[in-house]
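Chains as they are written, first to last, in the numbering used here: chain A, 1 to 10; chain B, 1001 to 1212.
In this text, a Cβ means the ideal position worked out from N, Cα and C, and glycines have one as well.
Predicted model only: the values in this text are computed from it and were never measured.
Everything on this sheet refers to the single structure shown next.
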């Protein structure tokens, strides 16, 4: 599960 | 967290609770598209895979749990508890016509070719069109109960408020999320016709009727 892009929105 | 995003999330929570309230109090799923709710379930499960791997805030994690559990509960009420009231004859939209394109697009357009990012992009694209079976059902039945109209209004408003949030973030933070913004605009535009009917009819106390 690469977390390349932290999505801080729902 | 911008005010627009908080308002959007609260509108989203309101929509979800309104739908649960409607089904539970009327003990009926009449007029509700089970397919739309199934796809919302898919949207939340595929988007919040990071629930246990990345912690953003208590708020963020709480909302993720709420959205996943509420959507599972809604699907359960429609397809199991009040199955007899589910109006399958009017819920005829072919889900594969939106699920497959969303998956293909997610394989093409994503922030990283990883399972998580493809799943996230799929979720974003699917959410944009997941409401279509419900909107089709309203046009097919020709009308919607008032509370269903309010549910759709709250649900449509949530992503519209997110658009204001994205403008705000771009202006103040200088960056934006192309995938989320593109899908969010499509999603909001799809509610256009409904918003028109909502403001010209429901607000004036009349039932939402799709004129034949």
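When beta bridges are read from the DSSP output, residue 1144/B appears opposite 1208/B.
Runs of the alpha helix (DSSP H) spanning 4 or more residues and lying entirely within the region 1089-1134 of chain B occur at 1096-1108 and 1115-1129, in chain order.
By the rule that beta-carbons nearer than 8 Å mark a contact, residue 1180/B touches chain A.
Linking residue 1117/B to residue 1179/B through their CA atoms gives a straight-line distance of about 11 Å. Cα atoms of residue 1022/B and residue 1050/B: separation of roughly 31 Å, rounded to the nearest angstrom. A Cβ-Cβ separation of about 6 Å places residue 1046/B in contact with residue 1122/B under the 8 Å criterion. Taking 8 Å as the threshold, the shortest C-beta distance from residue 1137/B to chain A does not fall below it. Contacts with chain A at 8 Å (Cβ-Cβ) do not include residue 1099/B. With contacts defined as CB atoms closer than 8 Å, residue 1031/B and residue 1148/B qualify as a contacting pair.
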